[in-house]
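Residue numbers (our numbering): 35 to 159.
A short write-up of the structure that comes next.
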């Protein structure tokens, strides 16, 4: 048993120093942290919600946005630093990712609009 442990330990020391770190950097996903606000508060008085709204879970790698939770039928918007809408798309059913426009670079606000709720956060493309 001791010989096996020493053999495994020896292999770890013989592994090229960058091999482990290289395997960890194959994907550079960044979680997108979203806040929520109501888009139309007049509608909210008509219906009583018994549970809290669920914030979508998203990840970003380069210009590809990954949906970790369903956003079917929601509207995706990208706004520049002046608040101008530069990109808008209705998210199709069963979409797991969307490639964002490659001509957009730098920081922008990402919005996912679902009914009367707008989930928003800053991303860097």
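We put the beta carbon where it would ideally sit given N, CA and C, even for glycine.
It should be emphasised that the depicted structure is a prediction, and the values quoted were computed from it without experimental measurement.
Is residue j closer than 8 Å to residue i when the C-beta atoms are compared?
i: residue 155; j: residue 68; result: yes
i: residue 132; j: residue 159; result: no
Give me whichever residues DSSP pairs with residue i in a beta bridge.
i: residue 121; result: 112
i: residue 64; result: 94
i: residue 131; result: 100
i: residue 145; result: 111 and 154
i: residue 70; result: 153
Quick check: what's the CA-CA separation for residue i versus residue j?
i: residue 141; j: residue 120; result: 12 Å
i: residue 144; j: residue 62; result: 19 Å
i: residue 112; j: residue 95; result: 16 Å
i: residue 124; j: residue 147; result: 9 Å
i: residue 107; j: residue 87; result: 16 Å
i: residue 70; j: residue 151; result: 7 Å
i: residue 129; j: residue 101; result: 7 Å
i: residue 66; j: residue 134; result: 14 Å
i: residue 93; j: residue 73; result: 23 Å
i: residue 157; j: residue 109; result: 17 Å
i: residue 105; j: residue 127; result: 8 Å
Compute the beta-carbon to beta-carbon distance between residue i and residue j, rounded to the nearest angstrom, for a pair I have assumed lies under 8 Å.
i: residue 181; j: residue 153; result: The structure shown has nothing for residue 181, since the chain only spans 35 to 159.
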